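Taking it in order: structure first as structure tokens, then the write-up.
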Amino acid sequence: MPKSETNTGTKDQFEIHGDEVVEGEIKPIGGSAHVTLKKKHRGKRAKVVIIDDSDGGE
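If you read the sequence shown in the working numbering, its first letter stands for residue 2, the second for the next number, and so on.
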């Protein structure tokens with residue numbers, strides 16, 4: 002998957018339409034990772050935008 006930075010080092014800008022913005026930390030779980038949300042979000046669709054370009058220590 003390509004990085005969201007261009008050759009000039011600027012980040013891409015996205016327009017997302019939805020009902021709520023929730024910010025959280027991506028945490029490891031097994032061989033994967035997840036973002037924890039409140040129970041009221043169960044069964045709903047979500048989109049995740051990575052805003053930190055660090056590699057998470059990997």
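Yeah, the Cβ is synthetic: ideal placement off N, Cα and C, and Gly gets one too.
Small disclaimer: the values here were computed from a predicted structure and weren't measured.
Alpha carbons only, please: which of Thr37, Lys45 and Lys41 is nearest the one belonging to Gly25? Here residue 25 refers to the residue found at position 24 of the sequence shown. Per the Cα distances, Thr37.
His42, DSSP secondary structure in three states: Position 41 of the sequence shown holds residue 42. DSSP places His42 in helix when its eight states are reduced to three.
Mind checking who Lys48 pairs with in its DSSP beta bridge? Start at 1 with the first residue of the sequence shown, and residue 48 comes out as number 47. Bridge partners of Lys48: none, in fact.
Report the rounded CA-to-CA distance for Phe15 versus Val49, giving the unit in angstroms. Here the question's residue 15 lines up with position 14 in the sequence shown. Here the question's residue 49 lines up with position 48 in the sequence shown. Going by the C-alpha atoms only, they are around 11 Å apart.
Am I right that His35 and Lys28 are in contact with their C-beta atoms under 8 Å? What's the rounded C-beta distance? Here residue 35 refers to the residue found at position 34 when the sequence shown is read from its first residue. Here residue 28 refers to the residue found at position 27 when the sequence shown is read from its first residue. The Cβ separation is near 6 Å, so the contact holds.
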